[in-house]
Structure formats: structure tokens, C-alpha cells
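Colleague:
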Amino acid sequence: MSDTIKRQILVIAGDYEVLQRTQQALKPSGWMVRGAFSHRDALHIVEHESVDLALVDAALFDRLTGEYTIQALQQSERVPLVVFAAEGMPVDYVQPPVEMVIGGLDERTIWRSMMAVLGDGANHQIALPDYDGEVETFFSLSKSLTEVLDLSEVLNRVVGAARRLTGAEEGMILLPDDEAGRLYLRARVGIDDEVAQNFRIKTDDTLAGQVFNSAQPVLIGAQGPQKVKTQYFVNSLLYVPILLKGTAIGVLGVNNKTGDNEFTQRHLSLLSNLASYAAVAIENARVHEETLERTRELQTLVEASEFVNASVALYETLPNICMQLVRVLNVGWSAIMEWLPETSQLRVMVQYQHAVWRAGHGPTEEVRRAVLDQEYTQVNRGDAEHMPLPAGVHTMLLIPVRADGQVLGLVRSFYVEAPEQPPSSKMIQQVKHLGLEGLMVISTSNGQTPPAQVLRMVENVNRHLGADWSELALVPPQGKSLTVQAAAGAGVWLRKPYPVIDLKDYPDLRAVVENQQMLNSQSNGKAAGNGARMLLESTRSHAILALPLVQRGQSNGLVLFGDTRYARVFNEREVDMGRAIVAQAATALENARLVHDLEFSLQELKDTQDRLIQTARLSAMGELAAAVAHQINNPLTTILVDTELMLLDEPQDSPNFRSLQAISRAGKRAASVVRRLLATARPVEENAPVEPIDVVDTIEGILSLVRSHIEQDHIRVWSRLPSEHLPHVMAVQGQLDDIWLNLLLNAHDALIGQAGAEIGIEVFYQSGADDIWVYVSDNGPGIPEEIQGEIFKPFFTTKPVGEGTGLGLHICHQVVERIQGSISVESAVGRGTRFLVRLPVKKGND
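Residue numbers (our numbering): 136 to 981.
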């Protein structure tokens, strides 16, 4: 272009600053730059005066008609047009013959755009085809970006345009991950899948990181291979920041990995303008995505609230709450724990699992070979020869899964309460089939286990077996360990024995309940305390979140979440979501607890009424027995007296003498039974005086009373009583009889219908000792460990309604305590029961 040519440049804008910037940029050229500040002025000047080029603000429009100025100028086709579109200004209505669209008013951009349009004739003709393609690319991109709000699609369209504008081999958009401090490849073109899969760039020591941190572009021509990331080099590159309100939100880049084409300042200008478009489009897509996400979150909270409050039964409410917590936060494990301040413990009320681990990355445990060789193995609480059970579990079933005789895996099912019956062979086969199907899905998933499909199979295992929760595990060929791959189900503990966490070992959890603060930790986090690390290990999670369970301002416990798949820190939105659902859960839990307590009180009242009725019946029966005994006693006395008189007159060698002796013995035995019956039926006064009691004599008396009653049910009764005289025990007359009577009758009730049933009573005393030991034992079904601590409580009974008062062992306990002795029980399911009664002896003048 000749320097003598005076070009006429018209700046059409409502903002005077646009004219000033253009004049400053074109000042060296000597061109005439004038302004038009309204729609009508612009059209008049273009129509009646000579103008070489017009720079038009895309935002200017006719206030009367609403028509954009650029549209009117396009129709006249009298002058070349360069359009200035500020950040966020839509330009989809802009069509050729517009020569160029620019996004900034810096001197370089204005100068280059004017020179590109008003160069000399030859150069202008040569550059025009490429320039038309650039304009067309911008127009197409601008229009297409207004059509989509999906972030991934927006990014893909922008990176495609970047490649077309620069002729690059590769294009990419990198966006930051705020938590990890890295740039992630979010859109690409020309980069193969293997590279893209592991494309992570640190923001502090790479070219892209430099562009992101400084918000300044980087252009490197043919200077030899440049290192983009580890083991990834390019010959030339151009990176520009994607700026939104002056802040970098990403990096737009192009590379030439093998070709020799260099990137120029013109490419830099094009890519910078494209980045401006991208920033607005990305922000719009993000706002749209966040709006959708907030809508989904609100819907999830509403659904979770409805589900949590759907039942007032505590046994249903607890797992319902955990199920919604897992769903809302997309984790695999959740538990609700009640705080016990007096013991500084957390007791687990419910534990819910819905977890799938990545193939081969689940928790690993040792497994005994003997378990894998069986059809199935059932382990009950107290079976010491088998593997230990998790806390709070009564029964565990272990079912090996085989194919062609080879053990591939193991199904483990857990029961909080004892199952009603052992699994049938049909159930076992169904579970094996489900386990094999699940293992096949895992083994063919190329490291990405489909969670929903596998979890459905584990839930079906629970339904078939009636288990509370189950796990599916892989077993390697050597068969020495197992790797858990999936777990589903819930355990609920409303009574002892329940799992507990001692807060002395978990200071992090203590802070949650005492200070009402949260715990947010991950397995690879350096800030995780010892308690948090132990908790991550015990819950088999990679990340945990603990939130206090607060009711009326008081901490009642906490809710614990565990992510079993990923080590991450729960973000602020997730924590807020968790708090929202936990607050709902606290109210629902309190309502369910009140209903549960009310139902328990009503049942307790009904049971008490039933026991009072039963006690009244027993009292009436006792009075009746006493009356009958008195009625029998009178004829017995006559029989015994007459028999003794006849024996005095009858010679000893007479045949009648032996018959009279037999009548006398039978009469005395009957009189003894009557005397014992009267003693047992006679109520004991509260302030009755104690007196020396012969323990062996009381045992013999009760045995004579109940032996025939017990033996008629084919139960053998044996006793081992010392022949020597034992020291007396100070007690109220008849109270020791109550102990032996209750223990023997309880043993009789437990043994009815059992083959080879036996009841034994033994007395031990070592000379000079302080106590007499009395054992009452049987070979019956035994007492479950979980209720052994309850059997001495009043009204506790395992007998059907109407068959027991629940007072027998309580009376025994009271009598023994009253005389400063003790009573204890040793029992195991299937191995019988033995009670030990220790009675202090009277010494000297005591």
C-alpha cells in the first residue's frame, strides 16, 4: 500500500472510546478516521460520502425500529465492513460481505484487521480466500454455539474451529481441576485416545500452566521439539488463555507435532479472538449445567425427604435414611451411630452398603482353604474353631463359587439375628449361580465393573437367603485370600449385642460429636489423623465424611459416609447436601424412636398385665395346693398312727409285718411330699428371720418332690451329694428350696422331647472354704450368648405366651444376693447349660 493514499475510515459506534482507540491505532498510517455515533448518521455518511472501510460496533442499533446497524450496512454493500463484537455479544446475525469480526480493540488487532482489508490490490486478492474462510469459521462457530448448552459439545466445537483456523495438526482445550491443581484435557482433535486418556498437566511447571497462571499467550515456532508433558513433544505450539472477566478459566492450544508449519502472530490473533468466543460459551454452558445440577439436587432432596419420612417404624426408617444418604452423595457405604457419652462410645444403629470396587482393587482378606472345599460353611457366634465374625453379626454363611471344579470366588452372607432355618440345597445352588454370573461380569469388564448389574445380583442373594447383607469376592487360583468386589444390604441393631466404636481410639470422631464439626478425609490425604486412617481402613473406604446428628441443638450421634471407589475430598456442595439430608434424618429418626418407645411401652404394659394375671393364678393354685395338702394330711395321719399301732402288736415274723412296714414307709413318704408342698406354697414374709439351713437337706427335699414329675417325661435325674455333714447356710426357711425348684423345672422344660436328656445336681465343699458350690446342669439346647445377660432380669422369658412368667431366675438371683451369695451361668448353643450357685457358709459364732 502507498503511503500517499489517504484512506477514509468510518468508526460507527455509540461509545466514543471506540473512536479514540481506532484513531490511536491508525495514527501512524496518516489515514482519516472519523466517527458516526448513531444509526441514522452512519447510514447517511455511507450513502453520501466516500468511505474506504467502516469499523462497526455490533451492539449499535436503530432505537426506533430495533434494526442492528450492521444489518442495514450489509444490505447496502457500499463499503467493506469490520465488526467489533464485545465479549458476550451475540453475532449470529452477522453474514458476509462483512470482512472481519474482531473481539478486542487493542492497537495490534485494529491495525492488523485494517491492513488485512485495505492492503494493496495484489496482496488483498491473494489473502482474501483464506480470510473468507476465517470469517466463515467465526460466523459458523458463533451461530452453532448459540444452539448448544452442553459443555462437552461446546468445547469440541471450539477446538475444532481452532484447528481449522490455524491449520494445526492437533488442538486441545485444557480446564483446571481446582482440587488437584492440574489442567485436564477436556476437548481434543488430532490427539489419539491413549495420549488423551492420561493427559494431565501440572499448572506450575509446564507451558500450558504458564499460560494459565499468567493469562498471557505463548507462541513457539520451529525451535525443535518442545516438551508439552512427560514423554510428549511437539515442533511448534500456540497456547492462549481463555479469559472470562480477566481471569483465566482454561487454555486453548494448537500443536504441530510432525509438520514444519509455523504459527504466526496472525494465528495468535485468530486464536485469541476464538478464545473470547469460547469463554462466553463455556460460561453459559457452565451456568446451564449448574442450573440443571441444582434442579437435580433439589429434586433428589425432595425425593429423599419423602422416602425418609415414609415410615415411622424404626427398623424400616434407619435403613431408609442410609439408603438415601448413599444415593444423594453417590457413595458406597453409610452408617448411623448413637453417641453414648457415659462410656465415650458410638454404638452402630444401622450400617448400609451399596458398594462396588474396581476389579481387583477391593479389600483383601485371608481365607481358610477348608472353607473353599465345603459346599457351604455356616459360622455362628461363639464358634471359636472358625474365623471370627464382624461385630454385631450372629451368623455368617460362606458359599464357594466354582466353575469346572475350580473355585473362582466366594459369597459371604451376614445375619444380625440367627436365621430361622439353615439354607436349603436349592437356595445354595441359586446363590452359586448368581455368584458365578456376577464374577463373569466382573472378569469381562476390563477393569470397569458395571455397578448396577453386579449390585442387583448381590441383592438377589440377600433375598434368596434372607440375609441382612452379602458380599461377592474373587478368589485367586492359589486360594489363600479373597478380594471383595461388591457388597449390598443393611444391618440394623436395636438391641445388644451391637457394634461399638470406642472414641478413645478415634479422636477425629470425638470432635464430630462433641464440637458438632465435620470430618472430611481421604486415604491419601496427608492431613488425615490416626483415627481417620483407622476409620478408612475399618470401613474399607477411600474417602469418608462424618456429620453430626443434631436434634434440638444437642449431638445425639453422627452419620458416616464412605466412598469405596475413589480417594477424594467431598466438596462444599456435597457437604451441604449431606447436611440437608442428615437434618431431615434427625427429625425422622426422632419420630421413629418416639413411636418405637411408645409401642415398646404398650407391649410392656400388656405383658405386665398378663404376668399379673398369671401371678394371681399361681397364687390361687398355691392356696389350693395348701388346702389339698391339709385335706390329705389328716387321713395320712390316721393311716400312719394305725399302722404304727398294728406293728406293735404284729410279730416280726408274721407275713403282715412286712406289708405294714411298706404301708408305713409309703405313708411317711406321702407325708414328706405334703410337708414340702406346704413349705413351697407358704409365702415368705419380707422380714422373716434367717436361720441355719442344711443345703443338702433342701436339695434332697426338692428332688423328692419333683423327681417323679421330671422322670415321667423320660428325663434322667442324677445327683452327687456329699455324705458328710456340711456347714449350714444362713437363710430364710424355704428360700433355698425356691432356687433348686426353679432351676430343676427350667431344665425340665428345656429338655422335653429330647432323646437322652439328663439333669444333674452336684454339691462341692472344701473343708475350711467360705462357700458351698452347687451345680445344676443339663444337656439341653443351651442359651444363646446374646441373651445370657438378660435371663436374670424380671419378666424375661423365652417361653411362649402363657407358659412362663419370667420370674423364676429373677427370684433365684434375688434369694442368692440376699444371703450374699452369687449365681452364674455357663452355656453354649447345642452344648447344654450349667448354673453355679455359690452359698456362703456359717462359721463359728457368725
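Even for Gly, the Cβ is constructed at its ideal location relative to N, Cα and C. Note that the structure is a prediction, hence the values are computed from the model and not measured.
What whole-angstrom Cβ distance do Asn-597 and Trp-604 have, given they're in contact under 8 Å?
Modeller: Reading the sequence shown from its first residue, position 462 is the one you call residue 597. Reading the sequence shown from its first residue, position 469 is the one you call residue 604. So it is a contact: roughly 7 Å between Cβ atoms.
Colleague: Alpha carbon to alpha carbon, what distance is there between Pro-683 and Leu-481?
Modeller: Looking up residue 481 in the sequence shown gives position 346. Looking up residue 683 in the sequence shown gives position 548. So the two alpha carbons sit approximately 12 Å from each other.
Colleague: Pick from Val-627, Arg-591, Lys-141 and Asp-637: whose alpha carbon is nearest that of Pro-476?
Modeller: Here the question's residue 476 lines up with position 341 in the sequence shown. Of Val-627, Arg-591, Lys-141 and Asp-637, the residue nearest in Cα terms is Asp-637.
Colleague: According to DSSP, is Ala-470 helix, strand or coil?
Modeller: Translated into positions along the sequence shown, residue 470 becomes position 335. Three-state result, Ala-470: strand.
Colleague: Assign Asp-265 to one of three DSSP states: helix, strand, or coil.
Modeller: Numbered from its first residue, the sequence shown carries residue 265 at position 130. Confidence at Asp-265 is low in this model, with a pLDDT of 49, below 50, so its placement is unreliable and no value can be given for it.
Colleague: Report the three-state DSSP secondary structure of Ser-959 (helix, strand or coil).
Modeller: Mapped onto the sequence shown, residue 959 falls at position 824. The answer is strand: DSSP assigns Ser-959 an E or B state.
Colleague: Determine the contact status of Thr-833 and Gly-915, defining contact as a CB-CB distance below 8 Å.
Modeller: Against the sequence shown, residue 833 aligns to sequence position 698. Against the sequence shown, residue 915 aligns to sequence position 780. No, the pair does not count as a contact, with Cβ atoms beyond the cut-off.
Colleague: Could you say which of Leu-373, Trp-166 and His-174 lies nearest to Asp-150 if we only look at CA atoms?
Modeller: Here residue 150 refers to the residue found at position 15 of the sequence shown. Of Leu-373, Trp-166 and His-174, the residue nearest in Cα terms is His-174.
Colleague: Give the single residue among Ile-926, Ile-384, Leu-372 and Val-422 whose Cα lies nearest to the Cα of Asp-312.
Modeller: Sequence index remark: in the sequence shown, residue 312 carries index 177 (1-based). Checking every option, the nearest Cα to that of Asp-312 belongs to Ile-384.
Colleague: Inspect the beta-carbon positions of Lys-978 and Pro-827 and report whether they are closer than 8 Å.
Modeller: For the purposes of this step, residue 978 is taken as residue 843 along the sequence shown, with counting starting at 1. For the purposes of this step, residue 827 is taken as residue 692 along the sequence shown, with counting starting at 1. It is not a contact, given that the beta carbons lie outside the stated cut-off.
Colleague: Taking only runs that begin and end inside the segment 514-601, name each unbroken beta strand (DSSP E) of 3 or more residues, in chain order.
Modeller: Entirely contained in the segment 514-601, the beta strand (DSSP E) runs reaching 3 residues are, in chain order, 530-538 and 541-550.
Colleague: Taking the straight line between their C-alpha atoms, what separation do you get for Ile-563 and Glu-835?
Modeller: In the sequence shown, residue 563 corresponds to position 428, counting from 1. In the sequence shown, residue 835 corresponds to position 700, counting from 1. In a straight line, the C-alpha of Ile-563 is about 52 Å away from that of Glu-835.
Colleague: Less than 8 Å between the C-beta atoms of Pro-975 and Asp-873, yes or no?
Modeller: By 1-based counting over the sequence shown, the position of residue 975 is 840. By 1-based counting over the sequence shown, the position of residue 873 is 738. Not a contact, by the Cβ cut-off of 8 Å.
Colleague: Have a look at Tyr-633 and Leu-571 and give me their C-alpha separation to the nearest angstrom.
Modeller: The sequence position of residue 633 within the sequence shown is 498, counting from 1. The sequence position of residue 571 within the sequence shown is 436, counting from 1. Each residue's Cα considered, the two are about 33 Å apart.
Colleague: I need the DSSP call for Val-375, collapsed to helix, strand or coil.
Modeller: One-based indexing of the sequence shown puts residue 375 at position 240. In the structure shown, Val-375 sits in a strand (DSSP, three-state: E or B).
Colleague: Three-state secondary structure (DSSP) at Asn-706?
Modeller: Within the sequence shown, the letter at position 571 stands for residue 706. Reduced to three states, the DSSP call for Asn-706 is coil.
Colleague: Put Ala-193 into one of helix, strand or coil per three-state DSSP.
Modeller: Counted from its first residue, the sequence shown places residue 193 at position 58. Looking at Ala-193 - three-state DSSP - the assignment turns out to be coil, as it is neither helix nor strand.
Colleague: Judging by CA-CA distance, which residue of Asn-370, Val-324, Leu-318 and Gly-325 is the nearest neighbour of Gln-345?
Modeller: Here residue 345 is taken as the residue at index 210 of the sequence shown, counted from 1. Considering only alpha carbons, the answer is Leu-318.
Colleague: Measure the C-alpha to C-alpha separation of Phe-927 and Gln-657 and round it to an integer number of angstroms.
Modeller: In the sequence shown, the residue the question calls residue 927 occupies position 792. In the sequence shown, the residue the question calls residue 657 occupies position 522. Going by the C-alpha atoms only, they are around 47 Å apart.
Colleague: Can you tell me which of the three DSSP states Asn-348 falls into?
Modeller: For this step, residue 348 is matched to residue 213 along the sequence shown. Of the three classes helix, strand and coil, the one that applies to Asn-348 here is helix, per DSSP.
Colleague: When you compare only the Cα positions, how much space is there between Arg-401 and Glu-202?
Modeller: Residue 401 sits at position 266 when you count from the first residue of the sequence shown. Residue 202 sits at position 67 when you count from the first residue of the sequence shown. Roughly 33 Å between the two C-alpha positions.
Colleague: Distance, Cα to Cα, Ala-171 vs Arg-247?
Modeller: Position 36 of the sequence shown, counting from 1, holds the residue named residue 171. Position 112 of the sequence shown, counting from 1, holds the residue named residue 247. Their backbone Cα atoms lie some 22 Å apart in a straight line.
Colleague: Within this structure, are the beta carbons of Val-191 and Ile-180 separated by less than 8 Å?
Modeller: In the sequence shown, the residue the question calls residue 191 occupies position 56. In the sequence shown, the residue the question calls residue 180 occupies position 45. No, the Cβ-Cβ distance between Val-191 and Ile-180 is not below 8 Å.
Colleague: Name the residue from Met-235, Arg-973, Glu-606 and Ala-806 whose alpha carbon lies nearest to the alpha carbon of Gln-620.
Modeller: Within the sequence shown, the letter at position 485 stands for residue 620. Looking at the Cα atoms, Glu-606 is the closest of the given residues.
Colleague: Between Ile-456, Ile-918, Arg-973 and Phe-930, which has its C-alpha nearest Gly-965's C-alpha?
Modeller: As a first step, residue 965 is located in the sequence shown; it is residue number 830 there, counting from the start. It is Ile-918.
Colleague: By DSSP, does Ala-866 sit in helix, in strand, or in coil?
Modeller: What you label residue 866 is simply residue 731 of the sequence shown in a count that begins at 1. Note: Ala-866 maps to strand in three-state DSSP.
Colleague: So for Gly-924, helix, strand or coil by DSSP?
Modeller: As a position in the sequence shown, residue 924 is number 789, starting the count at 1. Of the three classes helix, strand and coil, the one that applies to Gly-924 here is coil, per DSSP.
Colleague: Return yes when the Cβ of Leu-284 is within less than 8 Å of the Cβ of His-423, no when it is not.
Modeller: Residue numbering aside, residue 423 sits at position 288 when the sequence shown is read from its first letter. Residue numbering aside, residue 284 sits at position 149 when the sequence shown is read from its first letter. It is a contact, given that the beta carbons lie within the stated cut-off.
Colleague: Ends of the alpha helix (DSSP H) at Ile-113?
Modeller: For residue 113 there is no data in the structure shown, the boundaries of the chain being 136 and 981.
Colleague: Count the other CB atoms within 10 Å of the CB of His-529; is the residue buried (16 or more) or exposed (fewer)?
Modeller: In the sequence shown, the residue the question calls residue 529 occupies position 394. His-529 should be labelled buried.
Colleague: Could you please give the first and the last residue of the uninterrupted beta strand (DSSP E) stretch that includes Leu-199?
Modeller: One-based indexing of the sequence shown puts residue 199 at position 64. Taken as a continuous stretch (DSSP letters only), Leu-199 belongs to no beta strand (DSSP E), as it is neither H nor E.
Colleague: What are the start and end residues of the beta strand (DSSP E) that includes Val-485?
Modeller: Position 350 of the sequence shown, counted from the first residue, corresponds to residue 485. Note, Val-485: beta strand (DSSP E), 480-491.
Colleague: Quick check on Val-146: does DSSP put it in helix, strand or coil?
Modeller: Taking the sequence shown and counting its residues from 1, the one referred to as residue 146 is at position 11. Looking at Val-146 - three-state DSSP - the assignment turns out to be strand.
Colleague: Identify whether Val-91 lies in helix, strand or coil by the three-state DSSP scheme.
Modeller: Because the chain spans 136 through 981 in this model, residue 91 falls outside it and cannot be assessed.
Colleague: So, is Met-235 buried or exposed, given that buried needs 16 or more other C-beta atoms within 10 angstroms?
Modeller: In the sequence shown, the residue the question calls residue 235 occupies position 100. Result: buried.
Colleague: Going by C-alpha distance, which of Leu-880, Ile-954 and Val-909 is nearest Gln-868?
Modeller: Position 733 of the sequence shown, counted from the start, is the residue given in the question as residue 868. That would be Ile-954, whose Cα lies nearest to the Cα of Gln-868.
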